[in-house]
Amino acid sequence: MANGIKDKVAILGMGCSRFGERWEASPEDLMLEAYSEAMQDAGITPDQLDAAWFSTHMDDVGTGRGGTPMSIALRLPNIGVTRVENFCAGGSEAIRAAVYAVAAGACDIALALGVEKLKDTGYGGLPVATVGTYIPQWYPNAVAPANFAQVAAAYRYKHRVDPKTLKRAIAHVSVKSHENGSKNLKAHLQKTITEEQCLRAPTIAAPLGLFDCCGVSDGAAAVIVTTPDIARGMGKRNLVTFKALQIACSNGWELQGNGWDGSYFHTTRIAAKRAYEEAGIDRPREQISMTEVHDCFSITELVTMEDLFLSDEGCAVRDVLEGEFDASGRVPCQIDGGLKCFGHPVGASGIRMLYEIYLQLNGRAGARQLGGPSVGLIHNLGGQPSQNVCSISIIGGEGV
Amino acid sequence: MIGITAFGGYIPRLRLSREAVAQANAWYAPQFASQKGERAFANWDEDSVTMAVAAARDCLGPSEDRSHVRCVLLATNTPPFAERLNSAIVAGALTLDDTVEAADLGGTQRVALAAVTQAIARSNTYKGDVLVLAADRRRTRAASPQELEYGDGAAALLIGRNNVLAELIGSATLSVDFVDHFRATGSEIDYQWEERWVRDEGISKLVPRVVAEALKEAGVNPDKVDHFIFPTSFSRMDAQVAKACGVRGDAIAQPMMERIGNCGAAHGLIMLANVLERAQPGQVIVLAQFGSGAQAIVLRATPLIAGFKPARGVSNWLSRGKEDRNYTRFLSFGGQLQLERGMRGEQDRKTALSTAWRNRTALLGLVAGKCRVTGSVHFPPSRLSYDPGAPLQDTQEPYRLADRAAHILSWSAEYLSYHPSPPHHYGQIDFEGGGRILMDFTDLDVGEVDSGTAMEMVFRIKDVDTVRGYTRYFWKATPARDESGAIKSGN
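Chains R and X supply the protein sequences, listed in that same order. Reading the first sequence from the start, the letters are residues 1453 to 1852 in my numbering. Reading the second sequence from the start, the letters are residues 826 to 1316 in my numbering.
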């Protein structure tokens, strides 16, 4: 591996809009909300930005294509703004571009911002996406819940898990996230729920019920990055730096080969291994303080605990039910409420995850602040189980 | 010797209870209160093309080599397309050679017999066999007699010179403009004239004439006929015709009206395929049909009849039926009831025809690519094969998946997207010997399948573009079932 990104880039500032059904807000309003907070946090003026990366997924219902929607919305000083899109992992892709630009020395200060305005479609759930001219002619007109629900079927089959036990374990995932989200004023859903509510909710895609699915909401998040030296020069202390940024992309093996059993995320395992190596982590269960994972569906979070090597294979059901990933558990997960409570404004989510870990590492997470976390992991997944883009980022205090 | 060298059929799984229809319409049409039995009806994703493919597969079996089929004749009065050769779609689904001659025939209830006689003539021209297919999915009006009387189904005969199971020994035709019913071009519903006139002036006078002539050509006395097939919805009309022809009453073939209804252009061949399943060597079979005249053929079973079995056969399709008492489902599948689709139903289903042509063997024939180096199977086929660590270029060879054993790896059933028959079932299917496709499931009920369930491939409607009137087809997975319709245990 090349030298990697460890400690080469620091976070100068971050911002995150309130997520939710923001009927009153345009995508431009959401961008401004996240950008203003990030700029204030960084303590810089627009003319100090060298370049920006803009993540948005659904150009047809959101902002439109290209870099101009962001440049115009934020009145940026004619710097380069590049739109990136990589399914639900687009936010992490924007972060990666900005971080790499700074690490390369091409930019001193770079901005990554993600936004999605989903609630202008007229219905719940994600809008129907176009996928070219060939795929619709053979591939099912599939929706995300059923794509991810298939992991539950395959996991249950492989590990011989009783359907009721699995249902209870994924219910625990959601109950835990709602408990966390109830302490977050920026979350879309701020109410606690019970296991009973989860189990009795209407089925969306068997075996996933309503509470196994993350919300759909509007939101934006932004991060400003620079080198540790520049940050220190600006008077910043206790820097949070990037330890690893890895993306693994499916190449058709899961979809077409017969080797994948459907019960896990192949790309997550690959990206996790690479990220741990880049960050110099060899005992993740001890060294990772907390995670923000892509809990688009409860089953995704459950199997991701195994794919990140935080649970042994086939043991995530037990570990989840024993509260290992609760706020008080061994490696707290979704301490901000996750996608479950924030909803999933696609282009913004990866940056929103980073935002929570940044707050936690800075001791600024308020009522949900964990005791002394040092390293956090962000898992941001785009696509679907059989073909996806998995991003894993690790951040921590400088020198940790 | 020229005759039938293979046969098969297809009856959709769904069987509408006539009693349920009569009950639903009792306020409006109480005259149907005494209706009994069931009629077969096509699933939302079935039409004359898909049913013809199913019948052809029943007839041809899973054989890889179909090069002996040189011509396909599709007899139907309900072709999905007025222009776009329906029989060419079928030929593609069956992975027949591009040089096959395919033609659509229609216009009368006896069109399947016309196709048979044309096939006989053609088999003198071709060195190979002619595949005769008949299928119908007729539209009816709610609360009409036809709604209860009609059925949906298909049948297939292979006509040729080698391994003849039933030799054609006589035929006769009358083509006259006797209009018992009609349907104008562009119309969906038949218009019927009075039954008594049709019985007395039409069937009773025209059919015995062709039967007598065909038997005369065959040199067979009417009382020597072992199986007399005359498809009709009219009560005891078959017996009247048999009597008028001098055929024994015990030779009259089971019309199956109680079980599947009258399957239009396909019904004669469905009855014939059913008879051939149990015909004995030497037995004489007469198939007569009425419509814009009349037509009859006479067949004699050869000793080989005892050795042939279709993949399933009409008898098996009959017993696999599932009673459905849900009248609104029937109406919806037939396009007679517009159900709310929700915003997700607004999705444009336009088909890129250039893409469809470029990928025709994969889309119509379910042909994958098998890497000749590693043996791994890819669907859709691609120029680059991939086994971990080893991308290979241009190593894939065509590899048919349609008849291979398969099972579910993962699945779900969801209520979110628009689907004509929710919940929408789909999942990953693994094929024995390699190959995997994430595909739609069809013809199954909630709770019937799980990971490991054995599945089979069926050619179905993938989507209907209601804006432009285009139907696109692809393959779907359906649970492997036994004769009773029960799902076979998984692997």
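Note that beta-carbon positions come from the ideal geometry of N, C-alpha and C, so glycine has one too. Fair warning: this is a prediction, and the values are worked out from it, not measured in the lab.
Check	Outcome
Chain X within 7 Å of residue 1766(R), Cβ atoms only	no
Distance between beta carbons of residue 883(X) and residue 1137(X), contact taken as under 8 Å	5 Å
For residue 1510(R) and residue 1841(R), believed in contact at Cβ under 8 Å, the rounded distance	Their Cβ separation, rounded to whole angstroms, is 16 Å, which puts residue 1841(R) and residue 1510(R) out of contact at 8 Å.
Inter-stretch contact at 8 Å, needing at least 3 Cβ pairs: the region 964-982 of chain X / the region 866-883 of chain X	yes
C-alpha distance - residue 1636(R) paired with residue 1819(R), whole-angstrom precision	8 Å
Identified DSSP bridge partners for residue 771(X)	Only positions 826 to 1316 of chain X appear in the structure, and residue 771(X) is not among them; the question remains open.
Residues of the region 1219-1242 of chain X with Cβ closer than 7 Å to any Cβ of chain R, in chain order	1234, 1235, 1236, 1237, 1238, 1239, 1240, 1241 and 1242
Residue 1597(R) vs residue 1650(R) beta-carbon contact at 7 Å	no
Cβ contact (3+ pairs, closer than 8 Å) linking the region 1711-1718 of chain R and the region 1604-1613 of chain R	yes
Chain-ordered chain R contacts of residue 1261(X) [CB-CB under 8 Å]	1707, 1708, 1709 and 1710
Nearest neighbour of residue 1530(R), chosen from 1675(R), 1499(R), 1722(R) and 1584(R) [CA to CA]	1499(R)
8 Å Cβ cut-off: residues of chain R touching residue 1172(X)	1580 and 1593
Beta bridge counterpart(s) of residue 1052(X) as assigned by DSSP	1110(X)
CA-to-CA distance, residue 1619(R) to residue 1169(X), given in whole angstroms	28 Å
Those runs of the alpha helix (DSSP H) which lie wholly inside the region 916-952 of chain X and span at least 4 residues	936-948
Cβ neighbours of residue 1634(R) in the same chain (closer than 7 Å, five flanking residues each side left out)	1642, 1643 and 1644
Three-state secondary structure assigned by DSSP to residue 1240(X)	coil
Buried versus exposed, by CB contacts within 10 Å (16 or more), residue 1491(R)	buried
Inter-residue Cα distance where the pair is residue 1316(X) and residue 1240(X)	A caution first: residue 1316(X) carries a pLDDT of 44, below 50, which makes its placement in the model too unreliable to give a value.
Under the three-state DSSP convention, the category residue 1085(X) falls into	coil
Opening and closing residue of the alpha helix (DSSP H) in which residue 1030(X) lies	1029-1043
Cβ pair residue 1213(X), residue 1194(X) closer than 7 Å	no
Ordered list of alpha helix (DSSP H) runs contained in the region 1574-1652 of chain R, each at least 4 residues	1596-1611, 1615-1633 and 1647-1652
Cβ of residue 1298(X) within 7 Å of any chain R Cβ	no
Of the residues 1756(R), 1709(R) and 1698(R), the one placed nearest residue 1729(R), counting alpha carbons only	1698(R)
Cross-chain neighbours of residue 1714(R) in chain X, by beta carbon under 7 Å	1234, 1235 and 1253
Partners in chain R for residue 1177(X), counting only beta-carbon separations shorter than 7 Å	1585
Own chain, CB closer than 7 Å to residue 1142(X), minus 5 neighbours either side, in chain order	834, 835 and 836
Residue 1470(R), buried or exposed, once every other Cβ within 10 Å from all chains shown has been counted against 16	buried
Where residue 1022(X) falls, given that 16 or more other Cβ within 10 Å makes a residue buried	exposed
Paired residues, beta bridge with residue 961(X) - DSSP	978(X)
Three-state class that DSSP yields for residue 1138(X) in the structure shown	coil
Beta-carbon gap between residue 828(X) and residue 1040(X) smaller than 7 Å	no
Three-way DSSP call (helix, strand, coil) for residue 1824(R) in this model	coil
Cβ-Cβ separation, residue 1692(R) to residue 1462(R) (assumed contact under 8 Å), whole Å	7 Å
Three-state secondary structure assigned by DSSP to residue 1534(R)	strand
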